[in-house]
Amino acid sequence: MDNHTGENNLNELLQIRRDKLKHLKEIGKDPFKIEKVHVSHHSKEIIENFDEMEGQKITIAGRIMAKRGHGKTSFINIQDRDGRIQGYVRKDAIGEEDYELFKDFDIGDIIELTGTVFKTQKGEISIRAEKVQLLTKSLQILPDKWHGLKDQDLRYRQRYVDLIVNPEVKDTFIKRSRIIKAIREFLDNRGFLEVETPILTTIAGGAAAKPFLTHHNTLNLDMQLRIANELYLKRLIVGGFDKVYEMGKMFRNEGISIKHNPEFTSIELYAAYHDYKDMMNITEELVAYCAEVVNGSTVVNYQGREIDFKPPWRRVSMNDLVVEKTGIDFYAIEDMDEALQIAKDELNLEVTKGMTAGHLVNLAFEELCEKDLIEPTFVLHHPVEVSPLAKRNPHNPLITNRFEAFANAWEIANAFSELNDPIDQRARFEDQLKQREELGDEEAHPMDEDFINALEVGLPPTGGLGIGIDRLIMLLTDSASIRDIIFFPTMKPLTKDEDED
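Heads up, the sequence shown is in our numbering, so the first residue is 182 and it goes up one at a time.
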C-alpha cells in the first residue's frame, strides 16, 4: 500500500468518527455537554482489593484501549489514571438502545461505566456493566497496540498520545514527581525554607551560560531569563534567612543533547554558617534518600550499569585527577608559554593565548577526566579562574573551596563555600569581564553592582549547593535522554512539509 492509499484510508476512518459524533449530537446524545462524573473507584484499587470488592457496584471512567464483540456481548479494556481493567457489556444488561450506541464506540473514546465487580471464567477481574455512557468522542486514531507509538520524535511532540499508549512512560513521570517531593521533604525536615526568586532579570548571573533575551514593553527595558537563582538566594541569606532553597526552571540559550534542554529544572540551596564540606554531606545524603524513596535502594541500574549512591562518596581534587590521568601538574610549571605548549602538543587541548594554569587544569579535567567518573565522586578545589563566586582555599589562593558531584560521567551538582568578601568579589567580576574581552568568553559572569552591595551589607559564612534535577531523575529512573523525563521538551516546530512527510 503506497502512502497516498494509506492516507486516504486514514482520512476515511477519521471522517467516520466525525460522522458518529455528528449523529450523536443530532439525537441529543452530545458527549461534550457532560460536565461531571462521580467516579467511585479506580482500576488499581479494584484489582488490588478484589476480595472485598467482589459484587460491589462501582463507577469508573477512562479511555477504551481495546474492544471486541460477540453479537449481544462485548469486552472492552478501560484505561484510567492507575492502569487498565476489563469491562463486560451485555445488550440485555444495559438496554437495546444504549447497546446500539455502545457498538459505535471507538478505541480512544472516554467513557463512564457503572456495574458490579466480578471475575470471569478465565480469572480476569472485570466489571459487569449496568450503564455505559460516552463522555468524550476521540476524533483521532490511536496507534495500535502491536506497533504503538515508536517514533521517538513524535512521542516527544505528542506526549499526550505517548502517555496513553506507552504506560511505562507514565510510570517515569510518577517517579519524577516522587523524587521532587522527596527532595522537598529532605530539605524541609532539615530546617530549609522554600522561597521564590525572579525569573525575569536585568542581569543573568550565578552561572556561566548564555541567557535568553527578552524585552519589557512598559518599562522599555531589555531583560533576560535567569540562568541560575544563586545571587538572589544569597541576598536572602544577607537578609537573615539562614537556610533557603528554590526549585524551579532555569533557562540557558545553549545546545540540546541527551542531557541538555534549554529549559530545565534545578535546585539551589544555601545555609549560613555552613561550608562546602557540609554541602557534600547534604548532597550525598539527599541523593541516597531519593534513590531509596523511588527505588527502595541506593543502588540503581542505569542503562545496564550499576551505580551505588550510598554515602560516603569518593572525594578527590581536580588537579590530582589531572595529574593522575596525564602526569602533568600545570600549577608546577612556572612558564605559561611552556604550559600552553605542553597542553597543546601532549594533551591535544585547544588552548588560547591568555589562559592560565587554572584554565588548563579545568580544560584538561573536562576533556580527559570527566568521562571516567562513573561512581559518585566529589571533584574538589576548582581553579579560581572558573569559580567567580566561590571562596578561595585559605591554604592555596589559586584554588577554591568548591566541588562538583559526578555520576555516570555527568555533573549532577555544584557547590562551594560562598565568596563573601565584597572586595574580592568585585575583582573576580572584573576578571570575568576581562576574560569576556580578551578570550572572547561569552559566558563569562557579568558585573552585578547590587549583589556586591549586598555583600557589603554582610553575607555570613555560607555554603551553597546546586543540583541538576533532570539529570538526577534520569539516573534514578534509568532514562536514556533528558527528553524522556520532561513532559514537553524543547523542540523545533515542524513545517507543513515535514508534517506531511
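Here a beta-carbon is modelled for each residue, glycine too, at the ideal position from N, C-alpha and C.
Would you tell me roughly how many angstroms separate the C-alpha atoms of residue i and residue j, rounded to the nearest one?
i                 : j                 : result
isoleucine 384    : phenylalanine 231 : 59 angstroms
aspartate 285     : aspartate 279     : 10 angstroms
proline 564       : glutamate 623     : 19 angstroms
phenylalanine 256 : glycine 485       : 39 angstroms
tryptophan 327    : asparagine 347    : Model confidence at tryptophan 327 stands at a pLDDT of 44, short of 50, so the residue's coordinates are unreliable and nothing is read from them.
phenylalanine 559 : serine 498        : 8 angstroms
glutamine 606     : aspartate 629     : 10 angstroms
serine 660        : valine 350        : 10 angstroms
isoleucine 197    : aspartate 261     : 25 angstroms
lysine 391        : threonine 353     : 30 angstroms
isoleucine 259    : methionine 246    : 6 angstroms
asparagine 500    : isoleucine 523    : 16 angstroms
asparagine 595    : phenylalanine 584 : 6 angstroms
phenylalanine 373 : glutamate 599     : 17 angstroms
valine 425        : isoleucine 275    : 58 angstroms
serine 447        : aspartate 631     : 24 angstroms
aspartate 332     : leucine 579       : 50 angstroms
proline 493       : asparagine 442    : 30 angstroms
glutamine 321     : isoleucine 266    : 23 angstroms
histidine 219     : glutamate 548     : 59 angstroms
arginine 617      : asparagine 189    : 58 angstroms
isoleucine 208    : arginine 433      : 54 angstroms
phenylalanine 668 : leucine 316       : 25 angstroms
phenylalanine 299 : serine 307        : 6 angstroms
glycine 421       : leucine 561       : 29 angstroms
glycine 398       : glycine 386       : The residue asked about is misnamed: residue 398 is asparagine in this sequence, not glycine. Answer to the nearest angstrom: the Cα atoms are 22 angstroms apart.
arginine 244      : aspartate 287     : 10 angstroms
arginine 707      : glycine 539       : Past the edges of the chain, shown from 182 to 682, lies residue 707, and the structure says nothing about it.
serine 438        : alanine 388       : 19 angstroms
Check for me: the alpha helix (DSSP H) holding residue i runs from which residue to which?
i                 : result
alanine 402       : According to the sequence displayed, residue 402 carries leucine and not alanine. Per DSSP, leucine 402 belongs to no alpha helix (DSSP H); it is in the beta strand (DSSP E), 402–406.
isoleucine 360    : 348–369
valine 481        : From DSSP, valine 481 is part of no alpha helix (DSSP H) but of the beta strand (DSSP E) over 480–483.
leucine 417       : 411–419
glycine 387       : Where glycine 387 is concerned, there is no enclosing alpha helix (DSSP H), given that its DSSP letter is neither H nor E.
methionine 428    : That residue, methionine 428, is in no alpha helix (DSSP H); its beta strand (DSSP E) goes 424–432.
leucine 614       : 603–619
alanine 513       : Per DSSP, alanine 513 belongs to no alpha helix (DSSP H) and is neither H nor E.
phenylalanine 231 : 231–234
asparagine 462    : 457–476
glutamate 278     : 277–283
lysine 303        : Counting along the chain, lysine 303 falls outside any alpha helix (DSSP H), and DSSP gives it neither H nor E.
Less than 8 angstroms between the CB atoms is what I'm expecting for residue i and residue j, so what's the real figure, rounded?
i                 : j                 : result
isoleucine 291    : leucine 323       : That belief does not hold up - the Cβ atoms of isoleucine 291 and leucine 323 are roughly 12 angstroms apart, past 8 angstroms.
phenylalanine 597 : asparagine 582    : 6 angstroms
methionine 431    : alanine 409       : 6 angstroms
lysine 312        : threonine 295     : 4 angstroms
isoleucine 488    : asparagine 589    : 6 angstroms
valine 475        : arginine 359      : 5 angstroms
aspartate 405     : leucine 417       : A quick correction: the sequence has glutamine, not aspartate, at residue 405. With a Cβ gap of about 20 angstroms, glutamine 405 and leucine 417 do not count as contacting.
glutamate 293     : threonine 240     : 7 angstroms
leucine 541       : phenylalanine 511 : 5 angstroms
alanine 545       : leucine 521       : Incorrect: roughly 12 angstroms between the Cβ atoms, too far for contact.
glycine 644       : aspartate 516     : Not really, about 37 angstroms apart at Cβ, beyond 8 angstroms.
Apply the 10 Å Cβ neighbour rule to residue i and answer buried if 16 or more other Cβ atoms are within range, or exposed otherwise.
i              : result
threonine 301  : exposed
glycine 436    : exposed
alanine 608    : exposed
proline 670    : buried
leucine 195    : exposed
lysine 415     : buried
leucine 450    : buried
glycine 508    : exposed
serine 478     : exposed
methionine 672 : exposed
proline 569    : buried
threonine 382  : buried
lysine 552     : exposed
threonine 658  : buried
Note the first and the last residue of the continuous beta strand (DSSP E) segment covering residue i.
i              : result
methionine 628 : Premise fails: methionine 628 is in no beta strand (DSSP E) and is neither H nor E.
glycine 647    : 643–649
aspartate 489  : 486–489
arginine 265   : 265–271
serine 221     : Run containing serine 221: none; DSSP gives neither H nor E here.
glutamine 314  : 306–317
glutamine 333  : That residue, glutamine 333, is in no beta strand (DSSP E); its alpha helix (DSSP H) goes 333–338.
histidine 562  : Where histidine 562 is concerned, there is no enclosing beta strand (DSSP E), given that its DSSP letter is neither H nor E.
methionine 536 : Methionine 536 -> no beta strand (DSSP E), and no H or E assigned at all.
lysine 238     : 238–251
leucine 323    : Per DSSP, leucine 323 belongs to no beta strand (DSSP E) and is neither H nor E.
threonine 383  : Careful: threonine 383 lies outside any beta strand (DSSP E) and carries neither H nor E.
asparagine 500 : Looking at the DSSP string, asparagine 500 is not in any beta strand (DSSP E); the run it does join, the alpha helix (DSSP H), is 499–507.
asparagine 577 : 577–581
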